[in-house]
Structure formats: C-alpha cells, structure tokens
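Notes for the one structure printed next.
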Amino acid sequence: MDKARLVSELAAIVPAPIVTAPEELLVYECDGNTLDKAQPDVVVFPTTSEQVAAIVRLANQYQVPFVARGAGTGLSGGALALHGGIIIEMCRMNKIWEVDYVNQRAVVGPGLVNLHLSLAVADAGYFYAPDPSSQGSCTIGGNVAENSGGPHTLKYGVTTNHVLGLEVVLPNGDLVHFGGATLDTPGYDLTGLFVGSEGTFGIATKVTVQLLRKPEAVKTILAAFATVADASNAVSGIIGAGLIPGALEMMDHLTIQAVEAFTGAGLPLDAGAVLLIELDGIAEGMEEDAARVVAICQQHGCRQVRVAKDEAERALLWKGRKQAFGAMGRLSPNYYTHDGVIPRTRLPEALERIQAIGKKYGLRIANVFHAGDGNLHPLVLYDERNPEEVTRVMQAGEEILRTCVELGGALTGEHGIGMEKRDCMPWLFTEDDLEIMHRVRQVFNPHQLCNPGKVSTPARQVPLWRGDP
Numbered sequence: 136m137d138k139a140r141l142v143s144e145l146a147a148i149v150p151a152p153i154v155t156a157p158e159e160l161l162v163y164e165c166d167g168n169t170l171d172k173a174q175p176d177v178v179v180f181p182t183t184s185e186q187v188a189a190i191v192r193l194a195n196q197y198q199v200p201f202v203a204r205g206a207g208t209g210l211s212g213g214a215l216a217l218h219g220g221i222i223i224e225m226c227r228m229n230k231i232w233e234v235d236y237v238n239q240r241a242v243v244g245p246g247l248v249n250l251h252l253s254l255a256v257a258d259a260g261y262f263y264a265p266d267p268s269s270q271g272s273c274t275i276g277g278n279v280a281e282n283s284g285g286p287h288t289l290k291y292g293v294t295t296n297h298v299l300g301l302e303v304v305l306p307n308g309d310l311v312h313f314g315g316a317t318l319d320t321p322g323y324d325l326t327g328l329f330v331g332s333e334g335t336f337g338i339a340t341k342v343t344v345q346l347l348r349k350p351e352a353v354k355t356i357l358a359a360f361a362t363v364a365d366a367s368n369a370v371s372g373i374i375g376a377g378l379i380p381g382a383l384e385m386m387d388h389l390t391i392q393a394v395e396a397f398t399g400a401g402l403p404l405d406a407g408a409v410l411l412i413e414l415d416g417i418a419e420g421m422e423e424d425a426a427r428v429v430a431i432c433q434q435h436g437c438r439q440v441r442v443a444k445d446e447a448e449r450a451l452l453w454k455g456r457k458q459a460f461g462a463m464g465r466l467s468p469n470y471y472t473h474d475g476v477i478p479r480t481r482l483p484e485a486l487e488r489i490q491a492i493g494k495k496y497g498l499r500i501a502n503v504f505h506a507g508d509g510n511l512h513p514l515v516l517y518d519e520r521n522p523e524e525v526t527r528v529m530q531a532g533e534e535i536l537r538t539c540v541e542l543g544g545a546l547t548g549e550h551g552i553g554m555e556k557r558d559c560m561p562w563l564f565t566e567d568d569l570e571i572m573h574r575v576r577q578v579f580n581p582h583q584l585c586n587p588g589k590v591s592t593p594a595r596q597v598p599l600w601r602g603d604p
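Using this note's numbering, you'd call the opening residue of the sequence shown number 136 and step up by one each time.
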C-alpha cells in the first residue's frame with residue numbers, strides 16, 4: 136500500500152488537518168527526551184472514540200504501525216513512531232464529559248491537560264491528586280499510559296490509584312470498557328493492568344477518575360541545609376517519625392541557582408540543598424505536626440526554616456519546584472533527565488555516587504526530585520551541538536541507572552521505560568520475567584502494531600513501515 140492511499144483513507148475518517156509535510160512532521164519526531172528521534176509518516180487528530188477505532192482498524196488492514204500521542208511531554212521516548220506509520224494525536228479529545236461531586240468522580244477525554252481538571256473542580260472544593268511537574272501541559276491520557284506521579288505521590292499515590300475506569304480502543308480496533316464508576320469492580324483488574332502499559336495495550340479514549348476534597352489546611356515549609364546528606368537524613372527522619380507530608384521534595388545547590396534566578400522566590404543561594412515540605416489535612420493538629428517537622432530538620436543540621444505565610448508565597452515556592460526543569464536553560468543549552476528510584480534511606484549514598492559520575496565524565500549534574508519516595512531526577516547538563524559531549528551524557532546516564540538498580544531501586548518511578556530504558560530491563564528482570572511480559576502484551580497486541588518497540592524488545596520485530604511517496 137502506498138502512503139498517498141493511506142492518507143486518502145485517513146482523510147475519509149478524520150477531519151483536517153492531516154500532517155504529512157516533512158517539515159511539519161519534525162514536530163512529532165521526539166518527546167521531551169530530545170536525544171531519541173523518529174519521524175512518523177502521517178499525523179491525524181481524531182475527536183471521537185469512533186474515529187480512533189476506525190483509524191486503528193485501517194492500520195490493521197494495511198499492517199501499518201500506530202502510536203497514540205498527547206502533549207509530547209514524556210521523557211522516555213514513549214510516543215515516538217519508531218517504525219514510522221501513524222501518530223494518533225489525542226489533544227483534541229479534551230472534554231470533561233461528566234463531573235459527579237456526590238460520588239467524587241469525573242469522566243474526561245485523554246487529551247485533557249492534567250491541571251485543567253483540578254482548575255475545573257476547584258470552586259466546588261475538589262482536586263485531582265496526580266500532579267506531574269508538567270501538569271500545566273501534560274495530558275490525562277499520557278499520565279495513564281506512563282502511570283505518572285508527581286510531588287504529591289508520597290501521600291496520594293500515582294495515577295493508577297485514581298483511575299476507576301477506562302474506555303479503550305484495543306490494538307485491533309475494538310472499543311471496550313475496563314473498570315467502571317465504583318472503587319472496585321468484579322473480575323480481573325484490567326484497569327490496573329492497562330494503566331502504565333505505555334500505550335502498548337491500546338489507546339484510552341475516555342478516563343473515569345477519582346476526585347478528592349481539598350484539604351482543610353495546608354502548611355508549606357522550606358528548609359535549607361548545608362549539604363545534600365543532611366537534607367537526605369532529614370527526609371528519613373520525617374518519615375521515620377510517622378509523619379507523611381503531602382509532598383517532600385529536594386533541590387540541590389546547582390538547581391537552587393537556576394530556580395532562584397528564574398523565580399526570585401528567595402531561595403538561599405548558599406544552601407547545599409533545600410527541602411520543600413508540604414503538610415495537608417485537617418486543621419486540628421497541623422501546627423503541632425509542622426513544629427515536629429521543623430524540629431526534625433533542625434536535628435539534622437537545618438540552617439534556615441521558612442514557612443509560607445500565605446497562598447501567594449506557597450504558589451511561588453511551588454512555581455520554583457514545578458518549573459525547575461525549564462529553569463535549567465539558565466545553566467545549559469540542554470539537559471538529560473533520568474527517573475531512577477532508590478530506597479530513600481540510600482539517598483545520601485546515591486547522590487554522592489551520582490556526583491562522582493558527573494565528575495568522571497566531566498559533566499554537571501543538578502538534582503531535583505521526590506525525596507519522600509526516593510524517585511530521583513538527575514539532570515545531566517550538556518550541549519547537543521557537541522557530539523562527543525552527547526556520548527559522555529549517554530554513558531553517564533547508563534551509570535546513573537545502574538547505580539539505582541545496585542542500591543536496590545528501579546529503572547523508573549513515573550517517566551516509563553519507553554525506548555530509552557528498554558535495553559536496561561534485563562538488569563532487573565530474568566528472561567522468564569520478560570517472556571511473561573511479552574505474552575501478556577501478545578494477548579492485547581499480537582501483531583505489534585500498537586506502539587511497537589517500547590518497554591521491552593518483542594519476540595517478533597515490526598519492520599520499518601514506509602509507504603511509497
């Protein structure tokens with residue numbers, strides 16, 4: 136089948152635009168990880184579940200690979216069209232279909248921006264808990280695919296803990312429903328299986344999520360330390376004392392320099408690290424818990440404590456944390472971020488080893504991460520115009536991931552495996568483990584047309600598809 140015929144048949148399913156021009160396809164050749172690139176043959180913008188199903192059936196008819204894509208904010212190459220074919224861009228499926236405050240749930244389109252859901256229900260006193268740092272641009276469908284977390288994962292959990300049901304187009308084009316509107320449904324937990332499957336089991340076209348009541352009180356604390364080790368020990372001290380903050384985030388010295396230049400939030404530029412600690416819940420006892428947190432920080436060498444005096448100051452502190460990645464542009468033309476996980480008690484050792492890796496390869500590494508649950512985000516700074524430096528960045532990244540595994544951790548906390556860490560999976564899993572994963576994927580995706588080449592290498596490789604011009 137030639138490309139012109141494919142585009143013609145797609146145009147009969149989906150309204151314009153249909154992107155085929157090489158210069159326009161450049162926009163879709165990578166996600167937030169710009170080191171890996173692959174260009175699709177065509178990009179379409181469906182607006183209904185039925186259109187998505189029709190596109191998938193057409194792809195099956197002609198054995199063309201296809202990939203769903205949201206905002207492109209992913210960081211593991213999960214939405215790359217590695218084998219060419221069709222990108223199904225879901226951004227126009229962004230409706231809030233239903234909000235049920237009595238039962239604390241909402242039904243939304245996969246293209247809805249994460250933050251827009253919380254903004255839509257804020258006046259009624261509700262919010263949607265999963266809050267990736269990119270929540271101002273990332274979409275619910277992408278969050279479902281990667282099982283995204285965020286700063287408040289420590290207390291509220293990741294995406295899978297807040298998804299009740301899904302409408303899904305399977306890789307053969309069938310439209311099915313997993314889960315439902317209740318907290319638990321009979322039968323196999325297909326919802327739980329689908330969330331985090333990185334787009335290899337099908338395409339979510341509607342998502343039923345749980346809404347939560349806004350906490351009665353919030354207390355946001357910034358604690359500055361001389362060293363990363365002191366801050367890390369304070370993290371263990373807080374959790375060990377039985378306190379579970381809503382969020383417990385860390386930024387190291389290099390990150391502080393970038394963030395403060397960007398936000399002017401008043402971060403102490405001489406600090407080796409800062410913790411952003413947020414307590415939330417009922418008002419009764421909040422002051423006492425905050426005092427306990429401050430005391431624990433001081434026991435571990437805290438040099439300065441600042442409690443946000445109002446919502447404006449709290450928002451400024453969080454602006455710095457949420458936009459820390461973007462602030463790195465003040466330090467370097469490019470950065471490469473990883474997403475390893477370690478036991479939080481190994482934080483001092485892990486960060487020491489990461490800095491040693493940076494010195495070994497002559498690279499600066501900034502750290503900003505979810506300290507409370509040990510989800511690291513080392514940012515390796517580099518200039519992509521220097522090929523030799525890019526090579527060193529990739530080598531350093533591999534050593535960082537190996538360090539996480541050696542310390543008893545995992546390859547990813549929320550960014551996913553995608554293609555970036557696909558070849559690292561044998562570090563954690565046996566051949567039998569990986570074979571079971573392949574078998575499960577085969578049940579959903581037997582022809583490997585749906586987001587091929589991601590998570591782990593399938594037994595049967597999908598050939599690169601390129602229709603005739």
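In this text, a Cβ means the ideal position worked out from N, Cα and C, and glycines have one as well.
(message) Could you compute how far the alpha carbon of residue 374 sits from the alpha carbon of residue 483?
(response) 15 Å
(request) Assuming residue 287 contacts residue 345 (C-beta within less than 8 Å), just tell me the rounded distance between them. (result) In fact, because the Cβ distance is near 14 Å, the residues do not count as touching under 8 Å.
(message) Between the stretch 264 to 278 and the stretch 240 to 249, can you find at least three pairs of beta-carbon atoms closer than 8 Å?
(response) yes
(request) Answer yes or no: the CB of residue 511 versus the heavy atoms of the ligand SAH, is any distance below 7 Å? (result) In terms of ligand content, the structure shown is empty, and the ligand SAH therefore cannot be addressed.
(message) Going by beta-carbon coordinates alone, are residue 514 and residue 476 separated by less than 8 Å?
(response) no
(message) Tell me which residues share the same chain as residue 576 and place their Cβ nearer than 6 Å to its Cβ, disregarding the 5 neighbours each side in the sequence.
(response) 335
(message) Within 8 Å, do at least three Cβ pairs link the stretch 312 to 327 to the stretch 364 to 381?
(response) no
(message) Between residue 178 and residue 222, how many whole angstroms is the CB-CB distance? I'm expecting something under 8 Å.
(response) 5 Å
(request) Classify residue 336 as helix, strand or coil using the three-state DSSP reduction. (result) coil
(request) Pick out the complete alpha helix (DSSP H) segments inside the stretch 286 to 333, 4 residues or longer, and give them in chain order. (result) 288 to 291 and 325 to 329
(request) Take residue 217 as the anchor and find which of 574, 166 and 208 has the nearest alpha-carbon. (result) 166
(request) Return the CA-CA distance between residue 304 and residue 425, expressed in angstroms with no decimal places. (result) 47 Å
(request) Rank 432, 479 and 582 by C-alpha distance to the C-alpha of residue 361 and give the top, closest one. (result) 432
(request) Take the Cβ of residue 505 as the centre, count every other Cβ of all protein chains shown within 10 Å, and call the residue buried at 16 or more, exposed below. (result) buried
(request) Report all residues from its chain with a CB closer than 6 Å to the CB of residue 455; omit the five preceding and five following residues, and keep chain order. (result) 394, 398 and 400
(request) Would you kindly report the start and end of the unbroken beta strand (DSSP E) that includes residue 197? (result) Taken as a continuous stretch (DSSP letters only), residue 197 belongs to no beta strand (DSSP E), being part of the alpha helix (DSSP H) at 184 to 197.
(message) Measuring straight from C-alpha to C-alpha, what distance separates residue 157 and residue 351?
(response) 52 Å
(message) Going by C-alpha to C-alpha distance, which of 190, 206, 527 and 328 sits closest to residue 164?
(response) 206
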